[in-house]
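Enquirer: Taken in sequence, the protein lines are chains A and B. Every letter in the first sequence is one number past the one before it in UniProt numbering, and letter 16, counting from 1, is 16. Every letter in the second sequence is one number past the one before it in UniProt numbering, and letter 84, counting from 1, is 84. Take a look at this one; I'll ask things after.
Number of protein chains: 2
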Amino acid sequence: MSEDLPHPDRAEIRIEAVLHALADPVRLHYVRELDRIGTGVACGAIELPVTKSTRTHHLRTLREAGVIRMRKEGTARIATIRRDDLDARYPGLLNAVLSAES
Amino acid sequence: MSEDLPHPDRAEIRIEAVLHALADPVRLHYVRELDRIGTGVACGAIELPVTKSTRTHHLRTLREAGVIRMRKEGTARIATIRRDDLDARYPGLLNAVLSAES
DNA sequence: TCAATAGTACGACAACTATCGTAGTTCGAC
DNA sequence: GTCGAACTACGATAGTTGTCGTACTATTGA
Numbered sequence: 001m002s003e004d005l006p007h008p009d010r011a012e013i014r015i016e017a018v019l020h021a022l023a024d025p026v027r028l029h030y031v032r033e034l035d036r037i038g039t040g041v042a043c044g045a046i047e048l049p050v051t052k053s054t055r056t057h058h059l060r061t062l063r064e065a066g067v068i069r070m071r072k073e074g075t076a077r078i079a080t081i082r083r084d085d086l087d088a089r090y091p092g093l094l095n096a097v098l099s100a101e102s
Numbered sequence: 001m002s003e004d005l006p007h008p009d010r011a012e013i014r015i016e017a018v019l020h021a022l023a024d025p026v027r028l029h030y031v032r033e034l035d036r037i038g039t040g041v042a043c044g045a046i047e048l049p050v051t052k053s054t055r056t057h058h059l060r061t062l063r064e065a066g067v068i069r070m071r072k073e074g075t076a077r078i079a080t081i082r083r084d085d086l087d088a089r090y091p092g093l094l095n096a097v098l099s100a101e102s
């Protein structure tokens, strides 16, 4: 049953949630890797210093904040940055965060 | 004794701390008001739906993250946004956050 | 000197959250 | 069908944080 995970609509994305999602080092690293790779990538393909279940937790935070989109593909879930939505709603924000020095 | 409160140097400002500081609704509202008013303003001059001590807590978070600078002036403390430092370190970030719709 | 004003410090508490382990689900391959 | 791979869900726990009340400090003014 390809019940997909819920994502907020573009209009529902809240700036506080986006900032909070990006404020965590693990999540920020994940989003930066996603950005560096460019194309969508399986959740597990990006190395993180946490367990699988913690990873799921962080990915849910990013997804529910509207930062990433996840779609099923076989047993994997492919994650992509919601660049269009974020750029439309908060122009310049994503670029500023991603291009910031560590 | 005019011992001043500690502020991080420009180079010490961390993106995670800035994002975390701005991710709270109370703090974001405060920074937006600071920006709207433009000039430095006494801490207490901006209305917040919290008590004095909670306000102090939030202002410390903003100060320690490097988002605002506070200087003593009589019994008051004047708060200003560290726009120069933030723009230098994370170009576009502050503008993107401040201009975001509620 | 005394009182009022503006803010900080500290202790307490509830809510949130980052983490983990374990169990469950879904899909593809054999 | 069965096994493994890739995740998610759930429950527990320790640490963080937003909130408050009270007490304290520093400065101004009467």
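We put the CB at the ideal spot given by N, CA and C, even for glycine.
How would you list, in chain order, the residues of chain B whose beta-carbon sits under 8 Å from the beta-carbon of A:Y30?
Expert: As a working note, residue 30 of chain A is residue 30 in the first sequence. Result: empty, since nearest Cβ-Cβ is about 13 Å, beyond 8 Å.
Enquirer: What do you get for B:D85, buried or exposed, if any count of 16 or more other CB atoms within 10 angstroms of its CB means buried?
Expert: The residue you call residue 85 of chain B lines up with position 85 of the second sequence. Answer is buried; the Cβ neighbour count reaches 16.
Enquirer: Taking the Cβ atom as the reference point for each residue, do B:R69 and B:T80 lie within a distance shorter than 8 Å?
Expert: Position 69 of the second sequence, counted from the first residue, corresponds to residue 69 of chain B. Position 80 of the second sequence, counted from the first residue, corresponds to residue 80 of chain B. Cβ atoms of B:R69 and B:T80: closer than 8 Å.
Enquirer: Let me make sure I understand the geometry here. Which of B:G74, B:A100, B:R83 and B:L34 has the alpha-carbon closest to that of A:P91?
Expert: Counting from one through the first sequence, the residue named residue 91 of chain A turns up at place 91. Closest option to A:P91, Cα to Cα, is B:A100.
Enquirer: Do the CB positions of A:L48 and A:Y30 come within less than 8 Å of each other?
Expert: For the purposes of this step, residue 48 of chain A is identified with residue 48 of the first sequence, where counting begins at 1. For the purposes of this step, residue 30 of chain A is identified with residue 30 of the first sequence, where counting begins at 1. It is a contact, given that the beta carbons lie within the stated cut-off.
Enquirer: Tell me which residues share the same chain as A:D35 and place their Cβ nearer than 7 Å to its Cβ, disregarding the 5 neighbours each side in the sequence.
Expert: Numbered from its first residue, the first sequence carries residue 35 of chain A at position 35. I81 and L98, listed in sequence order.
Enquirer: What are the residues that DSSP puts in a beta bridge with B:I78?
Expert: What you label residue 78 of chain B is simply residue 78 of the second sequence in a count that begins at 1. Its beta-bridge partners are B:A42 and B:R71.
Enquirer: Indicate whether at least one CB of chain B lies closer than 8 Å to the CB of A:R20.
Expert: On the first sequence, residue 20 of chain A is found 20 positions in, with the first residue counted as 1. A quick correction: the sequence has His, not Arg, at residue 20 of chain A. For A:H20, the answer is yes, since a Cβ of chain B falls inside 8 Å of its Cβ.
Enquirer: Name the residue from A:A11, A:A76 and A:A23 whose alpha carbon lies nearest to the alpha carbon of A:G44.
Expert: Along the first sequence, read from residue 1 onward, the residue named residue 44 of chain A stands at position 44. Here the closest residue by C-alpha is A:A76.
Enquirer: Considering only C-alpha positions, which residue in the set A:G66, A:V41, A:D87 and A:H57 is nearest to A:R12?
Expert: By one-based count along the first sequence, residue 12 of chain A stands at place 12. The residue asked about is misnamed: residue 12 of chain A is Glu in this sequence, not Arg. Of the candidates A:G66, A:V41, A:D87 and A:H57, the one whose C-alpha sits nearest the C-alpha of A:E12 is A:G66.
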